[in-house]
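First comes the structure, then the notes that go with it.
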DNA sequence: GGCTCGATCCTAGCGCCGCTAGACAAGTGG
DNA sequence: CCACTTGTCTAGCGGCGCTAGGATCGAGCC
């Protein structure tokens, strides 16, 4: 069986290569430049090979999004763990979120802007996505206050962060004021 | 000169037809279905005619976005004018914004999700876009509080609303709770 | 060791996209 | 009546996502 196992390993390896290359290409030249032809050329296989791993381009985007979700969850947890006190924790969470989006624009796009064909709010939502939201929920802790359901609070807080990311990226919000916006958001929304 | 004037009128009329048809097609089948070929067929002209009015597809999307911005500005002003008291005004503004996005998904997408080639935060930002933000700013009035610049406050409030729209559309936030989220946003963010 | 056969991968191509060059008809001014 | 501008169309370019069908190659059996 060793031969089959080796083949499976190689296959999995190649799948990782595809996702990593797609991400790399997107980081260098944007998602528009990520075409199946270019991607195939970079991994030094022909186009149809991509389709033996993924149903189509959407699924490749989705794979990048899942990778990103896992990384974001880790980043959020690391940031909140290092913070001291409730307010600092919420602020660190917010900064960490914005920071992640700024450092990985194509990954963030894959997660929220592009169609990666991922189910979001259903039972078959992929685990990494659920976990990223869980990390958000943990970090916010009891900043929701007694009169508001924590999940609802997390949703609104998340929406605000996501809006900041989107509008900043669109060139609508000058980056210099980012810090002040985070302060405003944390000071007013969170009860800490 | 009458002949030339008539021609100009007809030309302007056809341009409106193009934009309206693009919007209609997007509303019926989504922006993916808005191709230059289909659009040309619907207006009963050939493809190149589109390019005598717009530089390309992006500009057509941009035109729909501008139309949408003007409508949104009007909707926001109407909603805030009808509201009584500062808190009601802010709440009406928020509901009106979300309502607009829900009623006109493709238009909202043209404004904020797609690339319409519009300059956003510079001196040559088209007037309708500036005006829409102005309407937002007016509606929020002095809900910013004394310690926060009104424009900065408007940006954050807007970002939160935009995030709610995006995440709701992505299926991430259940629509039933929309009202409660608006309440949370208004109660905490606005000082009224 | 030679052969069969299934897995694996590639070449070629389909239908569609955004966009444009160049032919052609219609209307205007001399 | 003719030259010419203006407006529109036909046809086609390069590139897209995706797939059918043929070639190749290595594993497993006699």
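Chains as they are written, first to last, in the UniProt record's numbering: chain A, 1 to 192; chain B, 1 to 192. Ideal Cβ positions, reconstructed from N, Cα and C, are used throughout, including at glycine. From a predicted model like this one, the values you see are computed outputs, not experimental measurements.
Practice task
Can you grab the Cα-Cα spacing for the pair residue 68 of chain A / residue 126 of chain A, in whole Å?
Solution key: Along the first chain, one-based indexing puts residue 68 of chain A at 68. Along the first chain, one-based indexing puts residue 126 of chain A at 126. Approximately 12 Å between the Cα atoms of the pair.
Practice task
Could you pull out every residue in the same chain whose Cβ sits closer than 6 Å to the Cβ of residue 1 of chain B, ignoring the five residues on either side in sequence?
Solution key: Translated into positions along the second chain, residue 1 of chain B becomes position 1. Its pLDDT being 49, under 50, residue 1 of chain B is placed unreliably in this model, and the coordinates cannot settle the point.
Practice task
Using a cut-off of 9 Å between C-beta atoms, extract the partners of residue 127 of chain A located in chain B.
Solution key: As a first step, residue 127 of chain A must be located in the first chain, where it is residue number 127. Listed by position along chain B, the residues whose Cβ is nearer than 9 Å to that of residue 127 of chain A form an empty set, because the closest Cβ is around 16 Å away.
Exercise for the section: Measure the Cβ-Cβ separation of residue 90 of chain A and residue 181 of chain B and say whether it is below 7 Å. Expected result: Taking the first chain and counting its residues from 1, the one referred to as residue 90 of chain A is at position 90. Taking the second chain and counting its residues from 1, the one referred to as residue 181 of chain B is at position 181. No. Outside cutoff.
Handout entry: Within 8 Å of chain B by C-beta, residues of the region 160-176 of chain A in sequence order
Key = Answer set for the region 160-176 of chain A: 160, 161, 162, 163, 164, 166, 167, 170, 171, 172, 173 and 174.
Practice task
Go ahead and label residue 142 of chain B buried or exposed: buried means 16 or more other beta carbons lie within 10 angstroms of its beta carbon, across all protein chains shown.
Solution key: Start at 1 with the first residue of the second chain, and residue 142 of chain B comes out as number 142. Residue environment analysis places residue 142 of chain B among the exposed positions, since fewer than 16 neighbouring C-beta atoms fall within 10 angstroms of its C-beta.
Practice task
Reducing DSSP to helix, strand and coil, say where residue 45 of chain A ends up.
Solution key: Within the first chain, numbered from 1, the residue matching residue 45 of chain A stands at position 45. The answer is coil: DSSP assigns residue 45 of chain A none of H, G, I, E or B.
Practice task
Work out the CA separation of residue 73 of chain B and residue 100 of chain B for me, nearest whole Å.
Solution key: The count along the second chain starts at 1 and reaches residue 100 of chain B at position 100. The count along the second chain starts at 1 and reaches residue 73 of chain B at position 73. Distance between the alpha carbons of residue 100 of chain B and residue 73 of chain B: 10 Å.
Exercise for the section: State yes or no: is the C-beta of residue 153 of chain A within less than 7 Å of the C-beta of residue 144 of chain A? Expected result: Walking along the first chain from the start, residue 153 of chain A turns up at place 153. Walking along the first chain from the start, residue 144 of chain A turns up at place 144. Yes, they are a contact pair.
Handout entry: Where residue 124 of chain B falls, given that 16 or more other Cβ within 10 Å makes a residue buried
Key = Counting from one through the second chain, the residue named residue 124 of chain B turns up at place 124. Classification for residue 124 of chain B: exposed.
Practice task
Run the CB neighbour count on residue 96 of chain A, radius 10 Å, all protein chains shown included, and call it buried at 16 or more, exposed below.
Solution key: For this step, residue 96 of chain A is matched to residue 96 along the first chain. Classification of residue 96 of chain A: buried, given that the 10 Å Cβ count is 16 or more.
Practice task
Could you check the C-alpha separation between residue 33 of chain A and residue 51 of chain B for me, to the nearest Å?
Solution key: Locating residue 33 of chain A in the first chain gives position 33, where the first residue counts as 1. Locating residue 51 of chain B in the second chain gives position 51, where the first residue counts as 1. So the two alpha carbons sit approximately 24 Å from each other.
Exercise for the section: Answer yes or no: does any C-beta atom of chain B fall closer than 7 Å to that of residue 188 of chain A? Expected result: Reading the first chain from its first residue, position 188 is the one you call residue 188 of chain A. It does; some Cβ of chain B falls within 7 Å.
Handout entry: Neighbourhood of residue 86 of chain B by C-beta distance below 6 Å, restricted to the same chain and skipping five residues each side
Key = Start at 1 with the first residue of the second chain, and residue 86 of chain B comes out as number 86. Once the five neighbours on either side are set aside, the close Cβ partners of residue 86 of chain B are 192.
Handout entry: Minimum Cβ-Cβ distance from residue 1 of chain B to chain A less than 7 Å
Key = Position 1 of the second chain, counted from the first residue, corresponds to residue 1 of chain B. Below a pLDDT of 50, predicted positions are generally treated as unreliable, and residue 1 of chain B, at 49, falls in that range; the measurement from the model is reported next regardless. False, the Cβ-Cβ gap to chain A never drops below 7 Å.
Problem - Sub-7 Å separation of residue 107 of chain A and residue 63 of chain A beta-carbons - result: The residue you call residue 107 of chain A lines up with position 107 of the first chain. The residue you call residue 63 of chain A lines up with position 63 of the first chain. Result no, Cβ atoms of residue 107 of chain A and residue 63 of chain A do not sit closer than 7 Å.
Exercise for the section: Please confirm if residue 98 of chain A has its CB atom under 7 Å from at least one CB of chain B. Expected result: As a working note, residue 98 of chain A is residue 98 in the first chain. No, residue 98 of chain A lies away from the interface with chain B (no Cβ there is under 7 Å from its Cβ).
Exercise for the section: State yes or no: is the C-beta of residue 78 of chain B within less than 7 Å of the C-beta of residue 92 of chain B? Expected result: For the purposes of this step, residue 78 of chain B is taken as residue 78 along the second chain, with counting starting at 1. For the purposes of this step, residue 92 of chain B is taken as residue 92 along the second chain, with counting starting at 1. Not closer than 7 Å, so no.
Problem - Interface flag, residue 192 of chain A vs chain B, CB-CB below 7 Å - result: As a working note, residue 192 of chain A is residue 192 in the first chain. For residue 192 of chain A, the nearest beta carbon of chain B is not closer than 7 Å to its own beta carbon.
Exercise for the section: Determine the contact status of residue 60 of chain B and residue 114 of chain B, defining contact as a CB-CB distance below 7 Å. Expected result: Here residue 60 of chain B corresponds to residue number 60 of the second chain, with the count starting at 1. Here residue 114 of chain B corresponds to residue number 114 of the second chain, with the count starting at 1. 7 Å or more divides the Cβ of residue 60 of chain B from the Cβ of residue 114 of chain B.
Handout entry: Proximity winner among B/94, B/133 and B/165, relative to residue 150 of chain B (alpha-carbon distances)
Key = For the purposes of this step, residue 150 of chain B is identified with residue 150 of the second chain, where counting begins at 1. Among B/94, B/133 and B/165, the Cα nearest to that of residue 150 of chain B belongs to B/133.
Handout entry: Closest Cα partner of residue 163 of chain B within the set B/128, B/43, B/44 and B/94
Key = The residue labelled residue 163 of chain B in the question sits at position 163 within the second chain. Cα-wise, what sits closest to residue 163 of chain B is B/94.
Exercise for the section: Ignore the nearest five residues each way along the sequence and tell me which others in residue 22 of chain B's own chain have a CB closer than 7 Å to its CB. Expected result: Numbered from its first residue, the second chain carries residue 22 of chain B at position 22. These residues qualify, in order along the chain: 34, 39, 60 and 64.
Practice task
Following the continuous alpha helix (DSSP H) through residue 94 of chain B, name the residue where it begins and the one where it ends.
Solution key: Here residue 94 of chain B is taken as the residue at index 94 of the second chain, counted from 1. 86-103 is the extent of the alpha helix (DSSP H) around residue 94 of chain B.
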